[in-house]
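Here the structure is laid out as structure tokens; the discussion comes afterwards.
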Amino acid sequence: MLEVKMIAGKPVTRTVAAMPTPAGHYDLIVVGLGSAGAEALIVAAEAGLKVLGVDVRAAMGGNWTLGAINGAPKWPGNVPGRLASLERAAHKHGAELAYETSVAAAYRDGQRIVGLKILRNGIFRDVTANMFIDATGNATLALLAGAKVRFGRAVDGAQFTVSRTYYVEHADGRMGPVYSGKCRSPNVPVAEQSAFATELAAGRLGFRNKRRVLVACPYIGAREEAGVETDVVLSFRECLFGPRCEKPVFTAWVPYDIHRISDRAFETEPSVNWEILCRMSPFAYPVSVPYEALIAKGVENLLVPSRHMGIDRDVLAGLRMVAEMQMSGKAAAAAVVVALKSRVSVRDVPYDELRKHLDRYNLARPLRQPHVGFYSKNEIVPFADDQIIQALKRDIGNAVSWVFHRTPDDEDRSSYAYYSCWDVAERGSQERNSALRSKLVQAMHAEKRYSANYATALGIMGDPQAVDVLLEIVRNPGGERDPLVDYAYPNRLKAICLLGRIGPAEAVQPLMDIVADGGEKYTATLLKAKACDYSKYPGWVYPFDGRAAGYRFAAVSLAVVALDLLLKRYPDPGTAVRIREWAHDGKTAFPDEAQIKAIAQRLFERT
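Read in order, the letters of the sequence shown are residues 38 to 644 in the numbering used here.
Right, here's the structure in full:
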């Protein structure tokens, strides 16, 4: 038997003859009593299981009851009522709660967790159970159990920003939330500490414009901490294009709500498509979570609902809200109930029997619609080819965030047209692909002002017929094929991204020029376009704030990623050396360029 402890952030094991005599034995131990864990505890207890719930904090419900959730005052049953109702339900069904308690060690026998050593107020207690649920969101128990865990973004380990919420009364009498702690990057290099401090100070100074603070949440909101390797990891691409899980444990309709401000160039290709190339901010997509996404790979009796379940970071961007976390906890508890009553392992739970429990809580309900659509109640039907061509025949501004419930407008239809091209490329028939590309090429050559729109659509589809137009834009920004458009994510930035994917070797030099110049010349004329319309929406809705640094960061970060892709296809040791020299020169041409250089160092170390 192994005893596993976390020491300096890493699991350390030692062999023991047996675990100490337990102080108690349970059917199920739930570690982490946030949105997912609280629901898991109550569902299991309601089903008659002997359950112990463990949490390092002093209450159930996580930030839903302990923090400050935007909009929570509008809804009934919140703090302290929500906390009281959770605790009443737990005690009614005989669940035992261990608040302010941490897991000090886990005992493993082969691929099974046998028990835990828990700690409260300096007193250790050993407990055993047949099944375990890790609902911490940060894989606390999964790590001790030997599961593999991933942290952050692949290129640099960066995670979604955290925030602290204040509920304030503004100077004009309005009341509403204010978020503090959202900065450009949680991983700010030392060279940028001055800029980092300036940005934090600006956030604090903003409170001088408030009349008074009504509520300050006591806990920081962490949107991402870890991801457990499960039997199946659901990807964003699968959610969009399939194959869709036919036997889900819960379903949802979610927006892509990534919380990083400026460095989206370093995210995955599907993320870049959604956020940068298509500008799908007002839209949402259907999610069907498979049961296997709750089963920790390599562990026989551990389920992992909450943020760290088997979904990739792109899915996590939307599937992390309170309601979805509660559903994941209920689904995990239902599976434990079926496994114990059927006397089978978590991997052998019969879905037909599990479905009865899922339906009781309305978890595996039919999807609102089977395809990407407008987040609000306004429906949108997948576009035909002629609709795509028409929607792109215009100056395309900014599609507004999903948080604003409104009637779809022309910007939304243009975004959906781009997405429709992506959809056809992913799963359309060969005939549909060929026909749409032909129409896009024809329109690209016929409509010079809108040629960049059609070239972008072709680039999203991976069609090299867009290359000549994209190269012309990058070589001649602001020319006939690159008109300035108010409030837009500029086509010249999209062109950089797409040349990395489908461009020829000759694209390397103009992209190197952008990097070497810090994007200054390439983005200079963008400052002439309107960036924000504060009379309609707050500034965060728009892709840029009108300052040169934002445009330059986007241009240089996109160029670095594009060069990484190009040099993999067309190796050029000389160019790779130039990029490494630039990345290590210790200079910064604009705020946060050091972050780009730090990532470039990682990318081109292996070139």
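Quick reminder that beta carbons are idealized off the backbone N, C-alpha and C, glycines included.
**Item:** Pairwise C-alpha distance: residue 344 and residue 140
**Value:** Along the sequence shown, read from residue 1 onward, the residue named residue 140 stands at position 103. Along the sequence shown, read from residue 1 onward, the residue named residue 344 stands at position 307. The alpha-carbon atoms of residue 140 and residue 344 are separated by roughly 19 Å.
**Item:** Spatial distance of residue 259 from residue 583 (CA atoms)
**Value:** For the purposes of this step, residue 259 is taken as the residue at position 222 of the sequence shown. For the purposes of this step, residue 583 is taken as the residue at position 546 of the sequence shown. Cα to Cα, the separation comes out at about 29 Å.
**Request:** Can you give me the Cβ contacts of residue 571 inside the same chain, cut-off strictly under 6 Å, excluding the 5 residues immediately before and after it?
**Result:** Here residue 571 refers to the residue found at position 534 of the sequence shown. Around residue 571: no qualifying Cβ.
**Asked** Buried or exposed: where does residue 101 fall if 16 or more other Cβ atoms within 10 Å of its Cβ makes it buried?
**Response** On the sequence shown, residue 101 is found 64 positions in, with the first residue counted as 1. Residue 101 is buried by the Cβ-count criterion.
**Request:** Could you pull the start and end residues of the alpha helix (DSSP H) that residue 560 belongs to?
**Result:** Reading the sequence shown from its first residue, position 523 is the one you call residue 560. Residue 560 -> alpha helix (DSSP H) spans 557-560.
**Message:** Taking 8 Å as the cut-off, is the beta-carbon of residue 458 closer than that to any non-hydrogen atom of the ligand FMN?
**Reply:** As presented, the structure is devoid of all ligands, the ligand FMN included, so that no description of it is given.
**Prompt:** If residue 457 sits next to residue 429, beta carbons under 8 Å apart, how far is it from one beta carbon to the other, in whole angstroms?
**Reply:** Here the question's residue 457 lines up with position 420 in the sequence shown. Here the question's residue 429 lines up with position 392 in the sequence shown. So it is not a contact: roughly 10 Å between Cβ atoms.
**Asked** Candidates 209, 146, 401 and 419: which alpha carbon is nearest residue 461's?
**Response** Counted from its first residue, the sequence shown places residue 461 at position 424. Nearest of 209, 146, 401 and 419 to residue 461, Cα basis: 419.
**Message:** For residue 617 and residue 350, I'd like the C-alpha separation in whole angstroms.
**Reply:** Within the sequence shown, numbered from 1, the residue matching residue 617 stands at position 580. Within the sequence shown, numbered from 1, the residue matching residue 350 stands at position 313. Each residue's alpha carbon lies about 29 Å from the other.
**Request:** List the DSSP bridge partners of residue 342.
**Result:** Locating residue 342 in the sequence shown gives position 305, where the first residue counts as 1. Beta-bridge pairing links residue 342 to no other residue.
**Request:** Answer with buried or exposed for residue 435, where buried requires no fewer than 16 other C-beta atoms within 10 angstroms of its C-beta.
**Result:** Your numbering for residue 435 matches position 398 in the sequence shown. Per the 10 Å Cβ criterion, buried.
**Item:** Rounded distance between the beta-carbons of residue 134 and residue 90, thought under 8 Å
**Value:** One-based indexing of the sequence shown puts residue 90 at position 53. One-based indexing of the sequence shown puts residue 134 at position 97. Right, their Cβ atoms sit about 5 Å apart.
**Item:** Residues bridged to residue 633 [DSSP beta-bridge criterion]
**Value:** As a position in the sequence shown, residue 633 is number 596, starting the count at 1. In the DSSP assignment, no residue is bridged to residue 633.
**Message:** On a Cα-Cα basis, can you pick out the residue from 339, 494 and 41 that is closest to residue 315?
**Reply:** As a position in the sequence shown, residue 315 is number 278, starting the count at 1. The shortest Cα separation from residue 315 among 339, 494 and 41 belongs to 494.
**Prompt:** Does the Cβ of residue 295 have 16 or more other Cβ atoms within 10 Å, making it buried, or fewer, making it exposed?
**Reply:** Here residue 295 is taken as the residue at index 258 of the sequence shown, counted from 1. Flag for residue 295 reads buried.
**Asked** Using the rule of at least 16 other Cβ atoms within 10 Å of the residue's Cβ for burial, across every protein chain shown, is residue 379 buried or exposed?
**Response** On the sequence shown, residue 379 is found 342 positions in, with the first residue counted as 1. Counting Cβ neighbours within 10 Å, residue 379 comes out exposed, since fewer than 16 surround it.
**Request:** Please classify residue 95: does DSSP put it in a helix, a strand, or coil?
**Result:** Residue mapping note: residue 95 aligns to position 58 of the sequence shown, counting from 1. Residue 95 falls in the coil class under three-state DSSP.
**Request:** Figure out for me which residue from 265, 385 and 437 has the closest Cα to the Cα of residue 321.
**Result:** Stepping through the sequence shown from its first residue, residue 321 is reached at position 284. Among 265, 385 and 437, the Cα nearest to that of residue 321 belongs to 437.
**Request:** Go ahead and pull the three-state DSSP assignment for residue 208.
**Result:** Here residue 208 is taken as the residue at index 171 of the sequence shown, counted from 1. Shown here, residue 208 sits in coil according to DSSP, grouped into three states, outside any helix or strand.
**Asked** So residue 287 is in the beta strand (DSSP E); what residue range does that whole segment cover?
**Response** The sequence position of residue 287 within the sequence shown is 250, counting from 1. Run containing residue 287: 285-292, per the beta strand (DSSP E) assignment.
**Item:** Straight-line gap, residue 112 to residue 152 (C-alpha atoms, nearest Å)
**Value:** Here residue 112 is taken as the residue at index 75 of the sequence shown, counted from 1. Here residue 152 is taken as the residue at index 115 of the sequence shown, counted from 1. Caution is warranted here: a pLDDT of 46 is assigned to residue 112, below 50, making its placement in the model unreliable, and the coordinate value is therefore given only provisionally. Spanning the two alpha carbons is a distance of roughly 39 Å.
**Message:** Could you compute how far the alpha carbon of residue 523 sits from the alpha carbon of residue 304?
**Reply:** Residue numbering aside, residue 523 sits at position 486 when the sequence shown is read from its first letter. Residue numbering aside, residue 304 sits at position 267 when the sequence shown is read from its first letter. One Cα belongs to residue 523, the other to residue 304, and the distance between them is close to 26 Å.
**Message:** Relative to the C-alpha of residue 94, which candidate in 530, 278, 377 and 173 has its C-alpha closest?
**Reply:** For the purposes of this step, residue 94 is taken as the residue at position 57 of the sequence shown. The candidate whose alpha carbon is nearest that of residue 94 is 173.
**Request:** Pick out the complete beta strand (DSSP E) segments inside the stretch 47-74, 3 residues or longer, and give them in chain order.
**Result:** 47-52 and 61-68
**Beta-carbon gap between residue 145 and residue 182 smaller than 9 Å** = The residue given as residue 145 occupies position 108 in the sequence shown. The residue given as residue 182 occupies position 145 in the sequence shown. The answer is yes: Cβ separation under 9 Å.
**Prompt:** How many angstroms separate the CA atom of residue 57 from the CA atom of residue 160?
**Reply:** By 1-based counting over the sequence shown, the position of residue 57 is 20. By 1-based counting over the sequence shown, the position of residue 160 is 123. The alpha-carbon atoms of residue 57 and residue 160 are separated by roughly 14 Å.
**Message:** Bridge partners for residue 332 per DSSP, in chain order?
**Reply:** The count along the sequence shown starts at 1 and reaches residue 332 at position 295. According to DSSP, residue 332 bridges with 340.
**Prompt:** Residues bridged to residue 355 by DSSP?
**Reply:** For this step, residue 355 is matched to residue 318 along the sequence shown. Answer is none; residue 355 lacks a bridge partner.
**Item:** Straight-line gap, residue 288 to residue 512 (C-alpha atoms, nearest Å)
**Value:** Residue mapping note: residue 288 aligns to position 251 of the sequence shown, counting from 1. Residue mapping note: residue 512 aligns to position 475 of the sequence shown, counting from 1. If you take the alpha carbons of residue 288 and residue 512, they lie about 46 Å apart.
**Helix, strand or coil at residue 122 according to DSSP, with G and I counted as helix** = To locate residue 122, count along the sequence shown from 1; it is residue 85. Of the three classes helix, strand and coil, the one that applies to residue 122 here is helix, per DSSP.
**Prompt:** Exposed or buried, residue 639, counting other C-beta atoms within 10 Å across all chains shown (16 or more means buried)?
**Reply:** Here residue 639 corresponds to residue number 602 of the sequence shown, with the count starting at 1. So residue 639 ends up on the exposed side.
**Message:** Less than 9 Å between the C-beta atoms of residue 366 and residue 127, yes or no?
**Reply:** Residue mapping note: residue 366 aligns to position 329 of the sequence shown, counting from 1. Residue mapping note: residue 127 aligns to position 90 of the sequence shown, counting from 1. Cβ distance not < 9 Å, so residue 366 and residue 127 don't count as in contact.
**Request:** Please list the segments of the alpha helix (DSSP H) lying wholly inside the stretch 473-517, counting only runs of 4 or more residues, in order along the chain.
**Result:** 488-497 and 504-512
**Request:** Classify residue 69 as buried or exposed, calling it buried when 16 or more other Cβ atoms lie within 10 Å of its own Cβ.
**Result:** Sequence index remark: in the sequence shown, residue 69 carries index 32 (1-based). Answer is buried; the Cβ neighbour count reaches 16.
**Asked** Under 9 Å between the Cβ atoms of residue 519 and residue 544?
**Response** For this step, residue 519 is matched to residue 482 along the sequence shown. For this step, residue 544 is matched to residue 507 along the sequence shown. Against a cut-off of 9 Å, the Cβ pair of residue 544 and residue 519 comes out as no contact.
**Item:** Secondary structure of residue 185, DSSP reduced to three states
**Value:** Looking up residue 185 in the sequence shown gives position 148. In the structure shown, residue 185 sits in coil (DSSP, three-state: anything other than H, G, I, E or B).
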